[in-house]
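Structure first, then comments.
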Amino acid sequence: LRDRVVRDIMTPRGEVVYLDLKDSFETNVKKAIESRHTRFPLCRENLDNTIGLIHIKELVPMMRDPHPDLMRIKRELIPVPEMMSLEKLLNLFLGKHAHVAVVVDEFGGTVGMVTLENVLEELVGDIQDEFDSEKEEFRKINENEFTVDGALGLYELRDAAGLDLESADVSTIGGYVIHLLGHLPKQGEQVKIDDYCITVSQTDGRRIGQLHFKKVSESPVEVATKADASP
50 LRDRVVRDIM TPRGEVVYLD LKDSFETNVK KAIESRHTRF PLCRENLDNT
100 IGLIHIKELV PMMRDPHPDL MRIKRELIPV PEMMSLEKLL NLFLGKHAHV
150 AVVVDEFGGT VGMVTLENVL EELVGDIQDE FDSEKEEFRK INENEFTVDG
200 ALGLYELRDA AGLDLESADV STIGGYVIHL LGHLPKQGEQ VKIDDYCITV
250 SQTDGRRIGQ LHFKKVSESP VEVATKADAS P
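To convert, note that position 96 of the sequence shown is 145 in this note's numbering; the numbers rise steadily by one, no gaps.
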């Protein structure tokens with residue numbers, strides 16, 4: 050991640066869907082719904098005058114408001130330079146609990162948008178060069194145990210194992226685990242999701258290669274926590 054920069058993965062300016070304060074509320078709602086996105090920069094006339102971020106889950110309820118005002122529901126939208134390393138961007142997102150940033154050039158002009166999902170997909174994306182290219186994305190060991198590729202989609206995991214994990218921010222199980230932990234885990238690190246203890250079984254220090262799932266009534270992580278709390 051140190052070798053790649055924001056500009057490499059951002060959505061370029063021409064493809065960014067934004068809401069404009071000069072447009073009517075109805076026009077902005079129509080634009081948001083038709084785009085099928087969930088987050089939108091709020092601007093005055095153009096993307097160089099970005100003043101905040103609007104989330105669809107707060108926009109739709111405002112349709113019932115007799116006096117809708119996008120300024121009331123805007124969130125902070127952090128600016129990041131286009132040449133910032135992805136490592137620094139990931140740390141910034143996790144530190145600020147942010148999911149979207151506006152990308153600016155050296156003159157302060159907006160050149161695009163970047164999301165946490167963009168970074169996480171870079172981490173867990175195509176890992177065939179780092180790990181065995183012939184390995185299965187989902188391998189069942191027994192009724193209570195299986196391994197998955199970090200790049201396996203959440204919907205694919207649901208179909209394969211019945212685990213219904215949903216996230217508006219990430220699309221892969223590797224990204225989900227990183228987002229849950231708040232950092233890129235080391236090999237051997239564990240986390241509990243539902244009835245499963247999940248162990249990071251492969252990582253190259255930049256992305257998750259493989260995860261091991263084991264169905265247990267109580268994960269080793271929880272047992273250790275309780276033991277530490279005992280007098």
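Glycine residues also receive a C-beta, built at the ideal position from the N, C-alpha and C atoms.
query: CA-CA distance, Ser73 and Met162?
result: In the sequence shown, residue 73 corresponds to position 24, counting from 1. In the sequence shown, residue 162 corresponds to position 113, counting from 1. In a straight line, the C-alpha of Ser73 is about 23 Å away from that of Met162.
message: Pop quiz: Val168 and Phe142 are said to be a contact at Cβ under 8 Å. What is the actual Cβ separation, rounded to whole angstroms?
response: Along the sequence shown, read from residue 1 onward, the residue named residue 168 stands at position 119. Along the sequence shown, read from residue 1 onward, the residue named residue 142 stands at position 93. The Cβ separation is near 7 Å, so the contact holds.
query: First and last residue of the beta strand (DSSP E) that includes Leu91?
result: Within the sequence shown, the letter at position 42 stands for residue 91. Per DSSP, Leu91 belongs to the beta strand (DSSP E) from Arg88 to Arg93.
query: Is Ala150 helix, strand or coil by DSSP?
result: For this step, residue 150 is matched to residue 101 along the sequence shown. Three-state result, Ala150: strand.
- request: State whether the region 204-214 contacts the region 228-240, with contact taken as three or more CB pairs (one from each stretch) at a distance under 8 Å.
  value: no
task: List the whole-angstrom C-beta distance separating Lys123 from Gly101, where the pair is believed to meet the contact cut-off of C-beta under 8 Å.
output: Within the sequence shown, residue 123 is the residue found at index 74, counting from 1. Within the sequence shown, residue 101 is the residue found at index 52, counting from 1. Right, their Cβ atoms sit about 3 Å apart.
query: Exposed or buried, what is Ser220 when buried is set at 16 or more other beta-carbons lying within 10 Å of its beta-carbon?
result: Walking along the sequence shown from the start, residue 220 turns up at place 171. Per the 10 Å Cβ criterion, buried.
- prompt: Can you tell me whether DSSP reads Phe156 as helix, strand or coil?
  reply: Position 107 of the sequence shown, counted from the first residue, corresponds to residue 156. If DSSP states are grouped into helix, strand and coil, Phe156 belongs with coil.
Pick from Lys235, Leu260, Thr252 and Gln236 that is closest to Tyr245, judged by C-alpha positions: Numbered from 1 along the sequence shown, position 196 holds the residue referred to as residue 245. Minimum Cα distance to Tyr245 is reached at Leu260.
message: Going by DSSP in three states, Asn140 sits in which element: helix, strand or coil?
response: Taking the first residue of the sequence shown as 1, we reach residue 140 at position 91. In this structure, Asn140 counts as helix in the three-state DSSP scheme.
- prompt: Around the C-beta of Glu166, are 16 or more other C-beta atoms found within 10 angstroms, so that it is buried, or is it exposed?
  reply: As a working note, residue 166 is residue 117 in the sequence shown. Classification of Glu166: buried, given that the 10 Å Cβ count is 16 or more.
task: Give the DSSP-derived three-state secondary structure of Lys145 in the structure shown.
output: Within the sequence shown, the letter at position 96 stands for residue 145. The answer is helix: DSSP assigns Lys145 an H, G or I state.
query: Does the distance from the CB of Tyr67 to the CB of Leu96 come in under 9 Å?
result: By one-based count along the sequence shown, residue 67 stands at place 18. By one-based count along the sequence shown, residue 96 stands at place 47. Yes. Within cutoff.
field: Straight-line Cα distance separating Glu186 from Leu206
entry: Mapped onto the sequence shown, residue 206 falls at position 157. Mapped onto the sequence shown, residue 186 falls at position 137. One C-alpha to the other measures close to 10 Å.
task: Would you mind sorting Met59 into buried or exposed? The rule is 16 or more other CB atoms within 10 Å of its CB.
output: Residue numbering aside, residue 59 sits at position 10 when the sequence shown is read from its first letter. So Met59 counts as buried.
- prompt: Can you tell me the Cα-Cα spacing of Met133 and Asp118, whole angstroms?
  reply: Within the sequence shown, numbered from 1, the residue matching residue 133 stands at position 84. Within the sequence shown, numbered from 1, the residue matching residue 118 stands at position 69. Cα to Cα, Met133 sits roughly 34 Å from Asp118.
query: Around the Cβ of Val54, are there at least 16 other Cβ atoms within 10 angstroms (buried) or fewer (exposed)?
result: Along the sequence shown, read from residue 1 onward, the residue named residue 54 stands at position 5. Counting the other Cβ atoms within 10 Å of the Cβ of Val54 gives 16 or more, which makes it buried.
- request: Report, in whole angstroms, the separation of the C-beta atoms of Met112 and Val65, which I expect to be a contact under 8 Å.
  value: Counting from one through the sequence shown, the residue named residue 112 turns up at place 63. Counting from one through the sequence shown, the residue named residue 65 turns up at place 16. Not a contact, Cβ separation roughly 23 Å.
Straight-line gap, Gly258 to Val265 (C-alpha atoms, nearest Å): What you label residue 258 is simply residue 209 of the sequence shown in a count that begins at 1. What you label residue 265 is simply residue 216 of the sequence shown in a count that begins at 1. The straight-line gap from Cα to Cα measures roughly 23 Å.
query: Does the separation of the CB atoms of Ile127 and Val151 fall below 9 Å?
result: Taking the sequence shown and counting its residues from 1, the one referred to as residue 127 is at position 78. Taking the sequence shown and counting its residues from 1, the one referred to as residue 151 is at position 102. A contact, by the Cβ cut-off of 9 Å.
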